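Colleague: Can you keep this structure in mind? I'll have questions shortly.
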Amino acid sequence: MSSPFIEQLRADMRLRGYSLKTEKSYLGWVRQYIFFHKKQHPKKLGSNEVREFLSWLANERHVAINTQKTALNALVYLYQKALGITDFPHRHQE
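Okay, so the sequence shown: first residue is 1 according to full-length UniProt numbering, each after it adds one.
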């Protein structure tokens, strides 16, 4: 079973009319991002952590540039639309 946070993201994407393929892809990238940062909530992370994750994808996992772009788009969705952090990719202060 997914976490309540992931389920909240899923519901938000469905309300916004995202395709099921995009939903699955974005949720996968958000999960990887969260696990990469040792299960910290994305609100506690910022642009440095996004950069670290994307660098890891490129340098350690050797993913293609289009895959990196998809991961970035998922994180932009996460911060700007789902969490309402409009100054993404700057660090969010609570």
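For each residue, glycine too, the CB sits at the ideal point set by N, CA and C. Fair warning: this is a prediction, and the values are worked out from it, not measured in the lab.
Quick one: grab the DSSP three-state call for L75.
Modeller: In this structure, L75 counts as helix in the three-state DSSP scheme.
Colleague: Can you tell me whether residue 110 is buried or exposed? The criterion is at least 16 other CB atoms within 10 Å of its CB, across all chains shown.
Modeller: Because the chain in this structure spans residues 1 to 94, residue 110 falls outside the shown range and cannot be described.
Colleague: So L27 and I6 are in contact, right, with Cβ under 8 Å, and what is the actual spacing, rounded?
Modeller: With a Cβ gap of about 6 Å, L27 and I6 count as contacting.
Colleague: Measure the C-alpha to C-alpha separation of L83 and K43 and round it to an integer number of angstroms.
Modeller: Between L83 and K43, the C-alpha separation is close to 8 Å.
Colleague: Counting C-beta neighbours from all protein chains within 10 Å, is the total for L15 16 or more, i.e. buried, or is it exposed?
Modeller: That one is exposed.
Colleague: Restricting to runs no shorter than 4 residues, where is the alpha helix (DSSP H) found entirely within the UniProt domain "Core-binding (CB)" (1-83)?
Modeller: Taking only runs of at least 4 residues, the alpha helix (DSSP H) segments lying wholly in the UniProt domain "Core-binding (CB)" (1-83) are 4-15, 20-36, 47-59, 65-76.
Colleague: Around the C-beta of F35, are 16 or more other C-beta atoms found within 10 angstroms, so that it is buried, or is it exposed?
Modeller: F35 should be labelled exposed.
Colleague: Between A71 and W29, what straight-line distance do the alpha-carbon atoms span, to the nearest angstrom?
Modeller: Rounded to whole angstroms, A71 to W29 spans 6 Å at the Cα level.
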